[in-house]
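Trainee: One structure, as structure tokens, below. Some questions next.
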Amino acid sequence: MSSTDFLIIGAGFSGLVIAERLASAGWKCVVADRRPHLGGNAHDRIDPAGVLIHPYGPHYFRTNSPRIVDYLSRFTTWHEVSYQIKSHTQGRYWSFPINLNTFEEFTGKPSTSEQFAAWLEKKRIPIEAPANSEEVIISQVGSELYELFFESYTRKQWKRHPRELDASVCGRVPIRTNRDNRYLTETFQALPAKGYTALFENLLAATPGINLHLGMDFTEAKSRFNYKHLIFTGAIDEYFGRRFGPLPYRSLRFEHESFNSDQLRHRESISGKPGFWQPAMQVNYPDADIPFTRIVEIKHATGQNIAASTILREFPKDWTPDDEPYYPIPAPDAHAAYQKYSQLAAAEKTTSFIGRLATYRYYNMDQVTAMALTEAEKLITRYT
Ligand SMILES: Cc1cc2nc3c(=O)[nH]c(=O)nc-3n(C[C@H](O)[C@H](O)[C@H](O)COP(=O)(O)OP(=O)(O)OC[C@H]3O[C@@H](n4cnc5c(N)ncnc54)[C@H](O)[C@@H]3O)c2cc1C
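With my numbering as the guide, the letters of the sequence shown map in order to residues 1341 to 1724.
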């Protein structure tokens, strides 16, 4: 057995950020991840066609926090992006998130913001405090646009009716009466210029004192290292042997398809841009009879200068213990099931549970980075 100060399970955003902070404060850290690569779900890599892809689904970095940008900028420069998406239903592409352009596509005639706002006012179903994802959308746009863009998409993604999901699930999608087509609203929207994996490689290169073990799971790591404090960023129910039963998760299956420049030439009338397969970085497919939810062509966002392109189709699926638990379920019953595990976690005084899986909450990358920075400060104070 070797000795370390901190054993950190998971080499994703939470595990590597906390490792960097603790090692920079002079502590010895072992980081173990059962996957053979850095970055957790944010991992990116060059595929056989030479395209930089996000194999676990697209990761659009954005934040309102200058503190997070400053911290991560120690390990990367940035490629600014205005993330653009569309929706594809009724056999055509639509501007999305819903805005004045979508409204004109819907009515087939030119309009103004005032006319669209007046239309929404007539259609919306007033609900003072929307309690779920159906209410949050129909209270803004009424049922026609809700059914066209949200209902089937959400059912496909979560295998639950929108009314069984927290309001935040659909509520995070903006609805605008101007022509702003941007998907996201955060002040900082950019990708690490050379990708997330390169960012983490730089973090490790800049930080002596981190002993990294890829392809090593928690059980093996525990048997090889003595430690004074454990940081666990995996699934909390797995940590406790699923003693209250597995928490509900939604999983995904991804299908990649690459195209060379000749093949892409035939798509130019659809993509509107040489070298691309579709007209936006992400196209949502809300129709119930299409088994995938979205197609992502990440080259739109990375700005990679390459003739080929790769698309990724995302198929939601039930989670089984053999699958990656991609999404905690954002619903009241799932939160209640998590509370039992959270109580067990609170009793473990020399283990920190951080990150998306260990806190069973859909956090974005900037949020888990903030959580890791905060926990590192607490641990440095406690052990110094
Ligand atoms: C499809 C998808 C799209 C997303 N898109 C965005 C986006 O656009 N923008 C955004 O900000 N966020 C996005 N996210 C969220 C983002 O992935 C997370 O915020 C972030 O990756 C969480 O980092 P983490 O370190 O907490 O967890 P993870 O990235 O899940 O890392 C945890 C690591 O722990 C390892 N591990 C787990 N259990 C064990 C064990 N027992 N032994 C050893 N290793 C173990 C896992 O292999 C994994 O590598 C997306 C997530 C998904 C699933």
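Glycine included, every Cβ here is placed at the ideal spot set by N, Cα and C.
Hey, quick one: how far does the beta strand (DSSP E) through S1435 stretch, first residue to last?
Mentor: Element bounds for S1435: R1432 to F1436.
Trainee: Using DSSP with H/G/I as helix, E/B as strand and the rest coil, what is T1721?
Mentor: Note: T1721 maps to helix in three-state DSSP.
Trainee: Does the Cβ-Cβ distance between I1349 and I1571 come in under 8 Å?
Mentor: Contact flag set, yes.
Trainee: So, are the CB atoms of Y1579 and Y1667 less than 8 Å apart?
Mentor: No, the Cβ-Cβ distance between Y1579 and Y1667 is not below 8 Å.
Trainee: Would you mind giving the Cβ-Cβ distance between I1425 and F1415, rounded to the nearest angstrom? I have them listed as a contact below 8 Å.
Mentor: Their Cβ separation, rounded to whole angstroms, is 28 Å, which puts I1425 and F1415 out of contact at 8 Å.
Trainee: Quick one: does the C-beta of M1705 sit closer than 7 Å to a heavy atom of ligand 1?
Mentor: Yes - ligand 1 has a heavy atom lying nearer than 7 Å to the Cβ of M1705.
Trainee: Do P1656 and Q1497 have their CB atoms nearer than 8 Å?
Mentor: Contact flag set, yes.
Trainee: How should H1383 be labelled, buried or exposed, when 16 other C-beta atoms within 10 angstroms of its C-beta is the threshold for buried?
Mentor: Buried, because 16 or more other Cβ atoms sit within 10 Å of the Cβ of H1383.
Trainee: When you measure from the CB of G1555 to every non-hydrogen atom of ligand 1, does any distance come out below 7 Å?
Mentor: No, Cβ of G1555 sits at least 7 Å from all heavy atoms of ligand 1.
Trainee: Under the DSSP definition of a beta bridge, which residues are partnered with P1668?
Mentor: In DSSP, P1668 forms a bridge with Y1589.
Trainee: For L1378 versus G1574, is the C-beta spacing smaller than 8 Å?
Mentor: Not a contact, by the Cβ cut-off of 8 Å.
Trainee: Taking its Cβ as the centre, do 16 or more other Cβ atoms sit within 10 Å of P1727, making it buried, or is it exposed?
Mentor: The question about residue 1727 has no answer here: the residues shown for the chain are numbered 1341 through 1724.
Trainee: Roughly how many whole angstroms lie between the Cα atoms of A1457 and H1596?
Mentor: Cα to Cα, A1457 sits roughly 40 Å from H1596.
Trainee: DSSP three-state call for R1500: helix, strand or coil?
Mentor: DSSP places R1500 in coil when its eight states are reduced to three.
Trainee: Within 10 angstroms of the Cβ of N1600, are there 16 or more other Cβ atoms? Answer buried if so, exposed if not.
Mentor: Its Cβ having fewer than 16 others within 10 Å, N1600 is exposed.
Trainee: Quick check: does the Cβ of N1381 come within less than 7 Å of any heavy atom belonging to ligand 1?
Mentor: Within the cutoff, so yes.
Trainee: Taking 7 Å as the cut-off, does the CB of H1419 come closer than this to any heavy atom belonging to ligand 1?
Mentor: Flag unset: Cβ of H1419 not near ligand 1.
Trainee: Is P1398 near ligand 1, in the sense that its beta carbon is under 7 Å from a heavy atom of that ligand?
Mentor: Answer for P1398: yes, Cβ within range of ligand 1.
Trainee: Return the Cβ separation of S1692 and L1719 in integer angstroms, given the expectation that the two are a contact with Cβ distance under 8 Å.
Mentor: The Cβ separation is near 7 Å, so the contact holds.
Trainee: Should A1620 be listed as close to ligand 1, given that the test is whether its C-beta is under 7 Å from any heavy atom?
Mentor: Flag unset: Cβ of A1620 not near ligand 1.
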